[in-house]
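The structure appears below as structure tokens.
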Amino acid sequence: MVMQTGKRRIVDANTVFGAYPKRKTDVSLKNLLKIMDVNRVEKALTTSLKGAFYSYEEGNEETLKACRANNRLIPLATVDPRRFAGDRGEIENLVGSGFKGIRLFKDIQGYPLDYSPLIEIIESMNGLGVPLLVPCNEYGCITLLSRLTAGKEYPVIVLGCTYSLLSEFIVSARRNRNLYVETRLLTSSDAIEVLAEKVGADRLIFGSGILLEYFQASYRMVESARIRDEDKDLILSGNILRIIKEAC
Amino acid sequence: MRIIDIHAHYGEWFFPIYRSSKKSIVEMMNHHDIEAVILSSSKAITYDMVEGNMDLDMILDSNKGLYGYVYVNPNYPELSKAEIEKYLANPLFKGVGEIHPDYSGLPVDSEESISILIEAAEYRKPFLIHTYSLENVRALVELVKKFPDNVFIAGHMGGTVASGTGLSWKKAIDAAKEYSNLYLEICMTLFEKGKLEEAVDKAGADKIMFGSDLTLLNPAHTIGMILSAEISRNDREKIFYLNAKRVFRL
Numbered sequence: 505m506v507m508q509t510g511k512r513r514i515v516d517a518n519t520v521f522g523a524y525p526k527r528k529t530d531v532s533l534k535n536l537l538k539i540m541d542v543n544r545v546e547k548a549l550t551t552s553l554k555g556a557f558y559s560y561e562e563g564n565e566e567t568l569k570a571c572r573a574n575n576r577l578i579p580l581a582t583v584d585p586r587r588f589a590g591d592r593g594e595i596e597n598l599v600g601s602g603f604k605g606i607r608l609f610k611d612i613q614g615y616p617l618d619y620s621p622l623i624e625i626i627e628s629m630n631g632l633g634v635p636l637l638v639p640c641n642e643y644g645c646i647t648l649l650s651r652l653t654a655g656k657e658y659p660v661i662v663l664g665c666t667y668s669l670l671s672e673f674i675v676s677a678r679r680n681r682n683l684y685v686e687t688r689l690l691t692s693s694d695a696i697e698v699l700a701e702k703v704g705a706d707r708l709i710f711g712s713g714i715l716l717e718y719f720q721a722s723y724r725m726v727e728s729a730r731i732r733d734e735d736k737d738l739i740l741s742g743n744i745l746r747i748i749k750e751a752c
Numbered sequence: 179m180r181i182i183d184i185h186a187h188y189g190e191w192f193f194p195i196y197r198s199s200k201k202s203i204v205e206m207m208n209h210h211d212i213e214a215v216i217l218s219s220s221k222a223i224t225y226d227m228v229e230g231n232m233d234l235d236m237i238l239d240s241n242k243g244l245y246g247y248v249y250v251n252p253n254y255p256e257l258s259k260a261e262i263e264k265y266l267a268n269p270l271f272k273g274v275g276e277i278h279p280d281y282s283g284l285p286v287d288s289e290e291s292i293s294i295l296i297e298a299a300e301y302r303k304p305f306l307i308h309t310y311s312l313e314n315v316r317a318l319v320e321l322v323k324k325f326p327d328n329v330f331i332a333g334h335m336g337g338t339v340a341s342g343t344g345l346s347w348k349k350a351i352d353a354a355k356e357y358s359n360l361y362l363e364i365c366m367t368l369f370e371k372g373k374l375e376e377a378v379d380k381a382g383a384d385k386i387m388f389g390s391d392l393t394l395l396n397p398a399h400t401i402g403m404i405l406s407a408e409i410s411r412n413d414r415e416k417i418f419y420l421n422a423k424r425v426f427r428l
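Residue numbers (our numbering), protein chains in the order written: chain A, 505 to 752; chain B, 179 to 428.
Shown next, in the form of structure tokens:
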């Protein structure tokens, strides 16, 4: 079966590489580039899993190195709030060193959203102009995230929003213009259409979760959605490029 | 690409999902090249078994490829047996399911469940069982052993565990390899890369069937997973179509 990614520009906002300790799977950088090629992904925002599982400082170095070696990769830094001691300069330095956003791994690291080190990170990012990407996979998480980031001057992308959190995102996004949602787990039969109608396609960001997930599972939900072609273009590349201020 | 969807639903959900009518289902089938779906009632699963089965019965239509499962609730064994008697001989009802231990609160190997399954087993139609944990898989395996002449399908192939280790789907795959009457159905919210390849490798493509969880889930999601998986074209055809045609005699 051929991969049906057509001629649309694809920028994947959710990719990872490195090593995965939980089960045997190939999450090498080489495989990330291969899967991007197979699926005609033009660029990918990426983060080393070393920062999720081991040391965020070492992980960030690995991410920068990989992205400097390949201009299709856009670096996202991560910070582990369990280790972050509140040095605001640290976040500023990450952005200064070339990272295009801060991605959290709350789902892997297990801390709550109402957590002082995390709140400090949220405060520290104000004025830096880069997005914060936050996994939200339980009731109330998006609501709290929306409160914590209301009035801030940067975009906040909710990762892993499922059908069970859809109404929470819709209501929160209407209150907080900073909020965006990644499409990867918007798996209900009409989620993309519902969101495009209720909050606008300009609030949806395509992410696939590769290398831990299958690319086409998330891609086909956007490509087959009954929305305008212009909106698909926004979701698959336009919105994230605008957010990270990459040249279109 | 021909597709038969063996795990679908008819009815409403308590989430912002508005594409749930018979007309919407047929539109989605056409949109995704799905030739036939086997539906269970979301109302029967989440609320009222009798009313849900009745709603479903009214929309089944072989000309449109709409087939059904009879839903049974082990909290109401006698009523469930009556539902089986009412519907299961009807050729439009292709099996019993999606038996859902999380909604009923009873494991599928409970005394109540088994008393119902004894009645249903006589019809020799497949059972679709929801599995989304190690405990769900364990209970299903007990049924598989107890009813060796009946086909069982592990809905969601064991599901996903929060740890990210894939333990529950790995357990389901191992069980499908061990028991000839256990099949795997693969839809779920989170598709951990490699799970379909592992299922094909260990249990064999002959034991895997396409399900979407429509209208709760978007068929594009599972179709995409199968297209992304590193498996052969022949295996894809078995998973999308041939196995279901054989098992459900469609």
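Beta carbons: idealized from backbone N, C-alpha and C, even for Gly.
- At a cut-off of 8 angstroms, the C-beta of Thr338 of chain B has no neighbouring C-beta in chain A.
- Against chain B, the beta carbon of Arg679 of chain A has no neighbour under 9 angstroms; the closest one sits roughly 17 angstroms away.
- The beta carbon of Asn412 of chain B does not come within 8 angstroms of any beta carbon belonging to chain A, so the residue lies off that interface.
- Within its own chain, the residues whose Cβ lies closer than 7 angstroms to the Cβ of Leu345 of chain B, once the five positions on either side in sequence are excluded, are Leu312, Val339, listed in chain order.
- With a cutoff of 8 angstroms on beta-carbon distance, Leu536 of chain A and Ile709 of chain A are scored as not near each other.
- For Tyr361 of chain B, the enclosing beta strand (DSSP E) starts and ends at 360-363.
- For Asn574 of chain A, the closest of A:Glu546, A:Tyr558, A:Ser559, A:Glu562 by C-alpha to C-alpha distance is A:Glu546.
- With a cutoff of 8 angstroms on beta-carbon distance, Glu717 of chain A and Phe388 of chain B are scored as not near each other.
- Secondary-structure assignment with DSSP links Met403 of chain B through no beta bridge to anything.
- For Val634 of chain A, no beta strand (DSSP E) run applies, since DSSP gives it neither H nor E.
- Closest in C-alpha terms to Ser293 of chain B, from the list B:Ile181, B:Met207, B:Ile262, comes B:Ile262.
- Ala383 of chain B sits buried, since 16 or more C-beta atoms from the chains shown fall within 10 Å of its C-beta.
- Taking each of A:Arg544, A:Ala677, A:Pro579, A:Ile625 in turn and checking the Cα distance to Arg592 of chain A, the smallest one comes out for A:Ile625.
- Residue range 271-277 is occupied by the beta strand (DSSP E) that includes Gly273 of chain B.
- According to DSSP, residue pairing for Met725 of chain A in a beta bridge does not occur.
- With a contact defined as Cβ atoms closer than 8 angstroms, Met725 of chain A and Ala398 of chain B qualify at about 5 angstroms.
- Legend: CB atoms of the region 386-406 of chain B lying less than 9 angstroms from CB atoms of chain A belong to residues Ser390, Asp391, Leu392, Thr393, Leu394, Leu395, Asn396, Pro397, Ala398, His399, Thr400, Ile401, Gly402, Met403, Ile404, Leu405, Ser406.
- Per DSSP, Thr519 of chain A lies in no alpha helix (DSSP H) segment; the continuous beta strand (DSSP E) that holds it begins and ends at 515-521.
- At a C-beta separation below 7 angstroms, Thr529 of chain A has these neighbours in chain B: Lys371, Gly372.
- In this structure Gly275 of chain B is buried. Its beta-carbon is surrounded by 16 or more other beta-carbon atoms within 10 angstroms.
- With at least 16 other beta carbons inside 10 angstroms of its own, Ser282 of chain B counts as buried.
- What Tyr196 of chain B touches in chain A, judged by beta-carbon distance under 8 angstroms, is Asp694, Val698, going in chain order.
- It is roughly 53 angstroms from the alpha-carbon of Glu627 of chain A to the alpha-carbon of Phe305 of chain B.
- A Cβ-Cβ distance of about 11 angstroms is found for the pair Tyr301 of chain B and Val329 of chain B, leaving them out of contact under the 8 angstroms criterion.
- In this structure the region 553-563 of chain A lies against the region 573-589 of chain A, because at least three pairs of beta carbons, one per stretch, are closer than 8 angstroms.
- The region 182-192 of chain B and the region 213-227 of chain B touch, with three or more beta-carbon pairs separated by less than 8 angstroms.
- Excluding five sequence positions before and after Ala381 of chain B, the CB atoms of its chain that fall closer than 7 angstroms to its own CB belong to Ile351, Ala354, Lys355, Leu362, given in chain order.
- One Cα belongs to Leu395 of chain B, the other to Arg607 of chain A, and the distance between them is close to 27 angstroms.
- Check the Cα spacing between Asp235 of chain B and each of B:Thr400, B:Tyr225, B:Ser202, B:Pro269: the tightest is with B:Pro269.
- Rounded to whole angstroms, Ile404 of chain B and Gly590 of chain A show a C-alpha spacing of 44 angstroms.
- The beta carbons of Asn421 of chain B and Ile386 of chain B sit closer together than 8 angstroms.
- Neighbours of His209 of chain B in chain A, taken as residues at a C-beta separation under 9 angstroms, are given in chain order as Ser728, Arg730.
- For Tyr265 of chain B, the enclosing alpha helix (DSSP H) begins and ends at 255-265.
- For Gly246 of chain B, there is no enclosing alpha helix (DSSP H); the enclosing beta strand (DSSP E) has its first and last residue at 244-248.
- Residue range 670-679 is occupied by the alpha helix (DSSP H) that includes Phe673 of chain A.
- In the same chain as Tyr619 of chain A, and ignoring 5 residues on each side of it, the C-beta atoms closer than 8 angstroms to its own belong to Pro585, in chain order.
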